[in-house]
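Just so you know, we're using the numbering used here here: the sequence shown kicks off at 3 and counts up by one.
Idealized CB from N, CA, C, for every residue including glycine.
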Amino acid sequence: MRRSRASRALRGTVAASVATFVALLSHVASGGGLPGWLGIVVPWVLSVMVCTLLAGRALSLVRLAGAVALSQLLFHALFVLGTGAPSPAVAGHHHGGTTTPLPALGDEATAMLVADSAMWVSHAIAAVVTVVVLYRGEQAIMRLRGILAELRAWAVRFVARVVPVPLPAPVAASLGDAASGWHVARSPELSPLVRRGPPFLLAH
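Structure below.
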């Protein structure tokens with residue numbers, strides 16, 4: 003059970019890390035602003051949670067694609083929110099002594115929050131690339147584990163053939179009747195006694 007949970011957590015973390023990198027790269031390449039460190043860490047942590055929940059015990063392309071798709075949606079929204087810095091409600095005094103409230107998000111972040119077609123296409127490509135990399139990479143890791151297991155089994159068989167196995171010490175034969183070469187009867191062997199008398203003619 004612990005090994006299964008650790009495996010799911012590891013797969014979720016790797017998937018979230020790859021998805022975060024690809025999503026951030028595609029987001030910036032399509033014209034989005036580079037978010038701050040908080041705008042990167044928060045999506046990554048949420049992505050780890052989502053990918054770990056959807057990872058499952060067995061390798062599944064559907065689960066992996068679902069996790070990556072949800073991660074891309076999270077990335078887009080949180081990258082945009084992490085780009086615009088909140089401004090104070092009061093900008094200061096102007097000529098007339100009036101105050102002008104500023105929006106909580108910058109104009110760039112507000113415009114990017116409603117993504118255009120190029121941004122969504124970029125995130126879709128990032129999702130496809132992430133799924134392919136993770137799926138093929140996990141299959142390669144599983145094949146590598148199988149090869150290592152076969153090599154280990156071959157090494158064990160090779161060592162068993164080369165290294166001599168100590169044999170048990172022979173048991174000394176007891177000095178008995180068989181060792182002396184004589185056969186001793188366990189019970190007296192008596193031959194039938196034939197009594198011979200005088201000849202029949204002489205007896206009469």
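#### Entry: Cβ-based neighbour list, W46, same chain, cut-off 8 Å, excluding 5 preceding and 5 following
Taking the first residue of the sequence shown as 1, we reach residue 46 at position 44. Excluding sequence neighbours, W46 sits near A18, S19 and T22.
### Query
According to DSSP, is G14 helix, strand or coil?
By one-based count along the sequence shown, residue 14 stands at place 12. Helix at G14.
### Task
Measure the alpha-carbon distance for L56 versus A162 and round it to whole angstroms.
Mapped onto the sequence shown, residue 56 falls at position 54. Mapped onto the sequence shown, residue 162 falls at position 160. Rounded to whole angstroms, L56 to A162 spans 44 Å at the Cα level.
### Query
Does the separation of the CB atoms of R10 and T54 fall below 7 Å?
For the purposes of this step, residue 10 is taken as residue 8 along the sequence shown, with counting starting at 1. For the purposes of this step, residue 54 is taken as residue 52 along the sequence shown, with counting starting at 1. Yes, the Cβ-Cβ distance between R10 and T54 is below 7 Å.
### Message
Rounded to whole angstroms, what is the Cα-Cα separation between V44 and F81?
### Response
Numbered from 1 along the sequence shown, position 42 holds the residue referred to as residue 44. Numbered from 1 along the sequence shown, position 79 holds the residue referred to as residue 81. Roughly 9 Å separates the two Cα atoms.
### Query
Taking Cβ to Cβ, would you say S32 is nearer than 7 Å to S124?
To locate residue 32, count along the sequence shown from 1; it is residue 30. To locate residue 124, count along the sequence shown from 1; it is residue 122. Using a Cβ distance threshold of 7 Å, S32 and S124 count as a contacting pair.
#### Entry: Beta-carbon proximity list for L63, same chain, < 8 Å, skipping 5 on both sides
As a working mapping, residue 63 is identified with position 61 in the sequence shown. Excluding positions up to five away in sequence, the list reads V133 and Y137.
### Query
Taking C-alpha atoms, which residue in F77, A155, V164 and V50 lies nearest to M121?
Taking the sequence shown and counting its residues from 1, one reaches residue 121 at position 119. If we check each option's Cα against that of M121, F77 comes out closest.
### Query
Between the C-alpha atoms of E152 and W39, what's the straight-line distance to the nearest angstrom?
Sequence index remark: in the sequence shown, residue 152 carries index 150 (1-based). Sequence index remark: in the sequence shown, residue 39 carries index 37 (1-based). In a straight line, the C-alpha of E152 is about 44 Å away from that of W39.
#### Entry: Collapsed DSSP secondary structure at A87 in the structure displayed
Numbered from its first residue, the sequence shown carries residue 87 at position 85. Here A87 scores only 45 on pLDDT, less than 50, and its place in the model is too uncertain to base an answer on.
#### Entry: Where R154 falls, given that 16 or more other Cβ within 10 Å makes a residue buried
Here residue 154 is taken as the residue at index 152 of the sequence shown, counted from 1. Counting Cβ neighbours within 10 Å, R154 comes out exposed, since fewer than 16 surround it.
### Query
Taking the alpha carbon of S49 as the point to measure from, which residue in V70, H29, G35 and A157 has its own alpha carbon closest?
Indexing the sequence shown from 1 puts residue 49 at position 47. The candidate whose alpha carbon is nearest that of S49 is V70.
### Task
Compare the C-alpha of I127 against each of G14, A25, V16 and L72 and name the closest.
What you label residue 127 is simply residue 125 of the sequence shown in a count that begins at 1. Ranking G14, A25, V16 and L72 by Cα distance to I127 puts A25 first.
### Task
Please name the residue in R159, W156 and V16 whose C-alpha comes closest to that of V52.
In the sequence shown, the residue the question calls residue 52 occupies position 50. Restricting attention to R159, W156 and V16, the CA atom closest to the CA of V52 is found in V16.
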